[in-house]
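The numbering of the sequence shown is this note's numbering, which starts it at 610 and goes up by one.
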Amino acid sequence: MRTSKKIKIGNTFMGGGSPILVQSMLNIPSTDIENSVKQAVELENAGCQIIRFAIPNEQALDLIEPIKKATTVPLVADIHFDYKLAIGAAERGIDKIRINPGNIGSEDRVKAVADICKLKGLPIRIGVNSGSLEKHILAKYGSPTPEAMVESALYHASLLEKFDFDDIVISIKSSNVNTMIKAYEIAAEKCNYPLHLGVTEAGTERMGIIKSAVGIGSLLTHGIGDTIR
Numbered sequence: 610m611r612t613s614k615k616i617k618i619g620n621t622f623m624g625g626g627s628p629i630l631v632q633s634m635l636n637i638p639s640t641d642i643e644n645s646v647k648q649a650v651e652l653e654n655a656g657c658q659i660i661r662f663a664i665p666n667e668q669a670l671d672l673i674e675p676i677k678k679a680t681t682v683p684l685v686a687d688i689h690f691d692y693k694l695a696i697g698a699a700e701r702g703i704d705k706i707r708i709n710p711g712n713i714g715s716e717d718r719v720k721a722v723a724d725i726c727k728l729k730g731l732p733i734r735i736g737v738n739s740g741s742l743e744k745h746i747l748a749k750y751g752s753p754t755p756e757a758m759v760e761s762a763l764y765h766a767s768l769l770e771k772f773d774f775d776d777i778v779i780s781i782k783s784s785n786v787n788t789m790i791k792a793y794e795i796a797a798e799k800c801n802y803p804l805h806l807g808v809t810e811a812g813t814e815r816m817g818i819i820k821s822a823v824g825i826g827s828l829l830t831h832g833i834g835d836t837i838r
């Protein structure tokens with residue numbers, strides 16, 4: 610049984626023997642605050658323990674306060690490239706940031722995000738996807754192999770570790786279930802960060818359920834995984 614690092618997310622804990630947390634993501638446009646809040650409440654009522662939503666621009670930061678007022682579960686801001694949005698989300702009261710440090714530019718930007726998250730006590734999730742690996746890693750491995758995806762995840766983690774930040778969660782997603790399982794097995798051996806389990810590009814709803822059940826279930830039975838989507 611793998612024991613991961615225990616981290617605090619809002620009013621709950623992940624890893625370190627804590628119960629496995631179930632999370633989901635809003636799929637309402639960020640401009641529609643009313644229905645975003647409604648969906649967040651519905652997710653919490655359905656048993657969702659962490660809610661994530663995209664912050665594609667500065668306007669989307671306005672989602673954070675009304676959703677926090679309407680729910681009690683930790684909220685995660687999904688940031689892609691703009692480090693200023695991560696800082697803005699932290700200042701607005703988000704509970705966790707999903708961002709890949711290698712995608713946001715200079716070390717100064719990575720440090721700025723790490724510093725505010727450390728100040729606010731926020732963890733950062735690094736999300737590696739088989740369809741968007743770094744060119745230098747793809748060149749090394751030739752394709753998004755399990756080893757390539759783990760190297761990518763640990764590369765991003767190292768950028769945060771450089772600034773003494775280690776409240777990190779890692780996700781490694783592939784549409785190929787066998788690749789996903791192997792990648793998480795390797796990651797579990799190479800680091801003690803909590804692991805977020807999920808299958809990406811899972812296909813139709815039925816196929817997605819099957820792929821997720823097989824991949825996530827297999828890992829959980831071997832003691833790998835701290836949260837599932």
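Think of the CB as a built atom: it goes at the ideal place given N, C-alpha and C, for glycine as much as any other residue.
Would you kindly check if the distance between the Cβ of Leu-731 and the Cβ of Ala-699 is under 8 angstroms?
For the 8 angstroms CB-CB criterion, Ala-699 and Leu-731 form a contact.
So does the segment 702-720 actually touch the segment 750-768, counting three or more Cβ pairs closer than 8 angstroms?
The way I'd put it, the segment 702-720 does touch the segment 750-768; three or more beta-carbon pairs between them come closer than 8 angstroms.
Taking just the CA atoms, how far does Asp-835 sit from Ala-679?
In a straight line, the C-alpha of Ala-679 is about 26 angstroms away from that of Asp-835.
By a C-beta neighbour count over all protein chains shown, 10 Å radius and 16 as the cutoff for buried, is Met-610 buried or exposed?
Label assigned to Met-610: exposed.
Identify every run of the alpha helix (DSSP H) within the segment 707-781, keeping only runs that are complete inside it and at least 4 residues long; order them along the chain.
716-729, 744-750 and 755-770, all fully within the segment 707-781.
Less than 8 angstroms between the beta carbons of Ile-779 and Leu-804, yes or no?
In this structure, Leu-804 lies closer than 8 angstroms to Ile-779 by Cβ.
Can Arg-701 and Asp-687 be called in contact, C-beta distance under 8 angstroms?
No, they are not a contact pair.
N-terminal and C-terminal residue of the beta strand (DSSP E) that Met-634 is part of:
Looking at the DSSP string, the run of the beta strand (DSSP E) that includes Met-634 is 630-634.
In this structure, what does DSSP give as the bridge partners for Val-685?
Val-685 pairs with Arg-661 and Lys-705.
Meets three-Cβ-pair contact criterion under 8 angstroms: the segment 771-791 and the segment 744-752
At 8 angstroms Cβ cutoff, the stretches do not touch.
With a Cβ-Cβ cutoff of 8 angstroms, do Leu-635 and Gln-648 count as a contact?
Contact flag set, yes.
Could you give the DSSP three-state label for Ile-637: helix, strand or coil?
Reduced to three states, the DSSP call for Ile-637 is coil.
Below 6 angstroms CB to CB, which residues in the same chain sit around Ser-571 once its five sequence neighbours on both sides are set aside?
A question about residue 571 goes unanswered here, because the residues of the chain that appear run from 610 up to 838.
Output needed for Val-808: all residues of its chain with C-beta closer than 8 angstroms, excluding positions within five of it in sequence on either side, in chain order.
Here the set comprises Lys-782, Ser-783, Ser-784, Val-786, Met-789, Gly-817, Lys-820, Ser-821, Gly-824 and Ile-825.
Would Pro-638 be called buried (16 or more neighbouring beta carbons within 10 Å of its own) or exposed?
Exposed: under 16 other Cβ atoms inside 10 Å.
Nearest candidate by alpha-carbon position, reference Val-737, set Ala-721, Pro-665, Gly-832 and Ala-792
Considering only alpha carbons, the answer is Ala-792.
For the alpha helix (DSSP H) holding Ile-795, just list the boundary residues, first then last.
Taken as a continuous stretch (DSSP letters only), the alpha helix (DSSP H) holding Ile-795 covers 786-799.
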